[in-house]
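Residue numbers (this note's numbering), protein chains in the order written: chain A, 1 to 255; chain B, 1 to 255. Scroll down for the structure; my scribbles are underneath it.
There are 2 protein chains.
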Amino acid sequence: MLKFGEMKRGQEKGEQMIHADDFEKIFLPGLAIDAVIFGFQDNQLKILLLEYEHTNLFALPAGFIKKEENLNDAARRSVLERTGLHNIYLEQFYIFGDVARHDPEPLRKIMQAKGHPPSNDHWLLRRFLTVGYYALIDYTKATPIPDQLADSCEWHELQNLPPLMLDHREIVSKALESLRANLDQKLIGFNLMPENFTMQDLQSLYETVLGQKLLRTSFQRKMLSLGILERFEKKYSGGAHKAPYLYRFIKKQKL
Amino acid sequence: MLKFGEMKRGQEKGEQMIHADDFEKIFLPGLAIDAVIFGFQDNQLKILLLEYEHTNLFALPAGFIKKEENLNDAARRSVLERTGLHNIYLEQFYIFGDVARHDPEPLRKIMQAKGHPPSNDHWLLRRFLTVGYYALIDYTKATPIPDQLADSCEWHELQNLPPLMLDHREIVSKALESLRANLDQKLIGFNLMPENFTMQDLQSLYETVLGQKLLRTSFQRKMLSLGILERFEKKYSGGAHKAPYLYRFIKKQKL
């Protein structure tokens, strides 16, 4: 969301160029958005992180709220700008508002490394509270796009994250906690699946998010009893009798 | 939280007097707190509302965040100022951030009615996002205290609320929704009970919050199986064999 200097891949498609001094004119003060964008691949839960070169700093994709913009729309826009994805499942989970989270140093370092050393009272260096959102996306459809200060935007396994700046590690933990709590209650897991999937794919997702093994027969019985899955005929293949059924969800839930 | 004019009952006990022009110096801009303070009495779920005389306006108790204050501490302080209660169960449930919720008229009317007509660009009339918290308190212990602009702070049955200003009705609905979702998952209901209670009192609470009747035997079995209740001996009374057992919770959960 911090935009200086040269255009980056993807930014020609609508992301606004913002001069370092214009934040104050465009955005609400003191309030940011941090997005924990979950994807699921190879039985691993992953999140998108930005990396700032020459600083060794990793951060969650962030955003600010325009003066005439709804908070939830600002979150959607922020995730769209990093993933290229519209209409994704997005949910607020917590607002982080401790005084202790205010530390201007990482951002000062990032701006310096980009050749834009900020003044001491720069808008971006003031105290921010941040609204945590988690997004659930179909990994196969996202095209991660760095913001203007970052040098990369990439998937990282949740089990193997680099050190994150500020309180971003805590934000990730709280997001995972909310995802776990909502997985059964709100049946949101399917937002992490591709269009078609096997029952085993779905069970792997649940096992990974919940961090525990589940019994195959009871998992399958439960999922089928919810009436949210549509089953396709098996496709012909060499070992046809062993080919698993493919399923898809009847409809997707959105914010 | 808006403080002008004469002292009110309770305010001499620590609530700060703030001149209408000092908000900008003391508080973070653009972010408020609204508290849905639940109590349970006579089998009714109730919430605290402020009433502004000469305006016919009712509102949730609100607060702002001091520049060097943690968000959750600001919420605790706001609830303390309205109830006199320390150490209560308090939980964030949503941040309301639509542009459409910005309407300076009710507050202008309230300030005018108090003899403090605000300038058009007054800090209090700008766009605010608000963090919704719900509080669960023991009804028997609270002493509702109006803020400086309000003329009363009183309990209202959730089933029978007056029209509320701004989007406060929506905030109440969302709070109730969160309370329902968390009642079983987090076992927070006991924060609404007095020190000692009967199983029937507890069942009434659950039935009222959930809006449905529960089976007495299975409710009792479930509650006892949780291992969170301590049972007292029946007290002697005229009809001793019919006297219900009294229970208390072994420990209370806090934010």
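Every residue, glycine too, gets a C-beta built ideally from N, C-alpha and C.
Could you name the residues of the segment 90 to 104 of chain A whose beta carbon sits closer than 7 angstroms to any beta carbon of chain B, in the order they occur along the chain?
Going along the segment 90 to 104 of chain A in chain order, one finds 92, 94, 95, 97, 98, 99 with a Cβ nearer than 7 angstroms to chain B.
For a test of the three-state rule: what should DSSP assign to residue 38 of chain B, helix, strand or coil?
strand
If you draw a straight line from the alpha carbon of residue 128 of chain B to that of residue 122 of chain A, how long is it in whole angstroms?
Distance between residue 128 of chain B and residue 122 of chain A, taken at the CA atoms: about 22 angstroms.
Please compile the residues from chain A whose C-beta is within a distance smaller than 8 angstroms of the C-beta of residue 31 of chain B.
30, 31, 129
So for residue 44 of chain B, helix, strand or coil by DSSP?
strand
Just checking: is the beta-carbon of residue 71 of chain B within a distance shorter than 7 angstroms of some beta-carbon in chain C?
Among the protein chains of the structure shown, namely A and B, there is no chain C.
If you measure beta-carbon to beta-carbon, which residues of the segment 184 to 197 of chain A are closer than 8 angstroms to chain B?
In summary, the residues of the segment 184 to 197 of chain A whose CB is separated from some CB of chain B by less than 8 angstroms are 185, in the order they occur in the chain.
Quick check on DSSP: helix, strand or coil for residue 132 of chain A?
strand
Any C-beta of chain A within less than 8 angstroms: which residues of the segment 58 to 70 of chain B qualify?
Flagged, chain order: 65, 67, 68, 69, 70.
Using the C-alpha atoms, what's the distance from residue 86 of chain B back to residue 55 of chain B?
Distance between the alpha carbons of residue 55 of chain B and residue 86 of chain B: 31 angstroms.
Pick helix, strand or coil for residue 242 of chain A, following the three-state DSSP scheme.
Assigned with DSSP and collapsed to three states, residue 242 of chain A falls in helix.
Looking only at its own chain, which residues have a Cβ that is under 6 angstroms from the Cβ of residue 219 of chain B, when we skip the five neighbours before and after it?
203
Just by C-beta distance, which residues in the segment 137 to 158 of chain B are closer than 8 angstroms to chain A?
none
Among A:223, A:225, A:245, A:221, whose alpha-carbon lies nearest the alpha-carbon of residue 231 of chain A?
A:245
Tell me residue 94 of chain A's beta-bridge partners as DSSP assigns them.
A:132
What is the DSSP secondary structure of residue 27 of chain B, counted as helix, strand or coil?
In this structure, residue 27 of chain B counts as strand in the three-state DSSP scheme.
For residue 229 of chain A and residue 50 of chain B, I'd like the C-alpha separation in whole angstroms.
48 angstroms
Which residue comes first and which comes last in the alpha helix (DSSP H) that contains residue 105 of chain A?
105 to 113
Beta-carbon separation of residue 66 of chain B and residue 33 of chain B under 7 angstroms?
Not in contact: residue 66 of chain B and residue 33 of chain B (Cβ atoms no closer than 7 angstroms).
Which partner residues does residue 164 of chain B have in the DSSP bridge list?
For residue 164 of chain B, DSSP records no beta bridge to any residue.
Buried or exposed for residue 224 of chain A, please, with buried defined as at least 16 other CB atoms from any protein chain shown within 10 angstroms of its CB.
exposed
Output yes or no for whether 7 angstroms exceeds the beta carbon distance between residue 194 of chain B and residue 138 of chain B.
yes
In angstroms with no decimal places, state the Cα-to-Cα distance between residue 247 of chain B and residue 63 of chain B.
36 angstroms
At least one CB of chain A closer than 7 angstroms to the CB of residue 247 of chain B: is that the case?
no
Do you know whose CA, among B:211, B:210, B:191, lies nearest residue 250 of chain B's CA?
B:191
Residue 181 of chain B versus chain A: which residues are under 8 angstroms apart at the beta carbon?
Going along chain A in sequence order, the residues near residue 181 of chain B (Cβ under 8 angstroms) are 185.
Does the Cβ of residue 152 of chain A have 16 or more other Cβ atoms within 10 Å, making it buried, or fewer, making it exposed?
exposed
Straight-line CA distance for residue 188 of chain A to residue 113 of chain B?
48 angstroms
Just checking my contact of residue 165 of chain B with residue 58 of chain B at CB under 8 angstroms: how many whole Å lie between their CB atoms?
About 7 angstroms separates the two Cβ atoms, so the contact holds.
So residue 61 of chain B packs on residue 48 of chain B, CB below 8 angstroms; how close in whole Å?
6 angstroms
Hey, does residue 83 of chain A have any beta-carbon neighbour from chain B nearer than 7 angstroms?
no
Any contact of the segment 86 to 100 of chain A with the segment 165 to 179 of chain A, i.e. 3+ C-beta pairs under 8 angstroms?
Judged by Cβ distances under 8 angstroms, the segment 86 to 100 of chain A makes contact with the segment 165 to 179 of chain A, as three or more pairs qualify.
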